[in-house]
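Student: Residue numbers (the working numbering): 5 to 112. Backbone N, C-alpha and C fix where the C-beta goes; we use that ideal spot for every residue, glycine too. All of these numbers come straight from a predicted model, not from anything done at the bench. First the structure, then my questions, so here it is.
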Ligand code: SF4
Ligand code: SF4
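Have a look at this one:
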């Protein structure tokens, strides 16, 4: 599982680096080494390895991490590709100030 990658560019994971205190809890609980410590806070080093389990978000005491665990954007993209219209998307819900990468959400 160490090198597992899922669908590219559809992961809902967001990190607000300004909120991060650098406690390292997300590094400990993430099964796919998605985060890395960068000075006094973490950064996302491997977004596409995230399996949206939610462990990081549940264990971050300062709510610096958002992820739609379970059925999220990946399901929405798959449903869209299959021509289904019932693929709920989570792109509109993330914490204020969340760091987004250049790609933005999956629906933009
Ligand atoms: S658990 Fe939250 S506060 Fe701790 S290092 Fe991770 S993002 Fe930062
Ligand atoms: S949701 Fe799970 S796999 Fe994704 S970054 Fe958080 S702990 Fe790692």
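Using only CA atoms, which one of 29, 66, 41, 61 lies nearest to residue 16?
Tutor: Among 29, 66, 41, 61, the Cα nearest to that of residue 16 belongs to 61.
Student: Whole angstroms is fine: what's the gap from residue 91's alpha carbon to residue 30's?
Tutor: Since pLDDT at residue 91 reaches only 46, below the 50 mark, its modelled position is unreliable, and the value read off the structure follows with that caveat. So the alpha carbons of these two residues sit roughly 29 Å apart.
Student: Where does the unbroken beta strand (DSSP E) through residue 46 begin, and where does it stop?
Tutor: Taken as a continuous stretch (DSSP letters only), the beta strand (DSSP E) holding residue 46 covers 45–48.
Student: Locate the beta strand (DSSP E) running through residue 40, then write down its first and last residues.
Tutor: Counting along the chain, the beta strand (DSSP E) containing residue 40 begins and ends at 39–42.
Student: Is it the case that the Cβ atoms of residue 23 and residue 52 are separated by a distance below 9 Å?
Tutor: In this structure, residue 52 does not lie closer than 9 Å to residue 23 by Cβ.
Student: Applying the criterion that 16 or more other CB atoms from any shown protein chain within 10 Å of the CB defines a buried residue, is residue 49 buried or exposed?
Tutor: Label assigned to residue 49: exposed.
Student: On a Cα-Cα basis, can you pick out the residue from 26, 54, 42 that is closest to residue 12?
Tutor: The candidate whose alpha carbon is nearest that of residue 12 is 54.
Student: Does the Cβ of residue 37 have 16 or more other Cβ atoms within 10 Å, making it buried, or fewer, making it exposed?
Tutor: Residue 37 comes out exposed.
Student: If we count the other Cβ atoms within 10 Å of its Cβ and call it buried at 16 or more, is residue 42 buried or exposed?
Tutor: Exposed, by the Cβ-count rule.
Student: Using the DSSP secondary-structure output, state which residues sit across from residue 18 in a beta bridge.
Tutor: BP columns for residue 18 point to 70.
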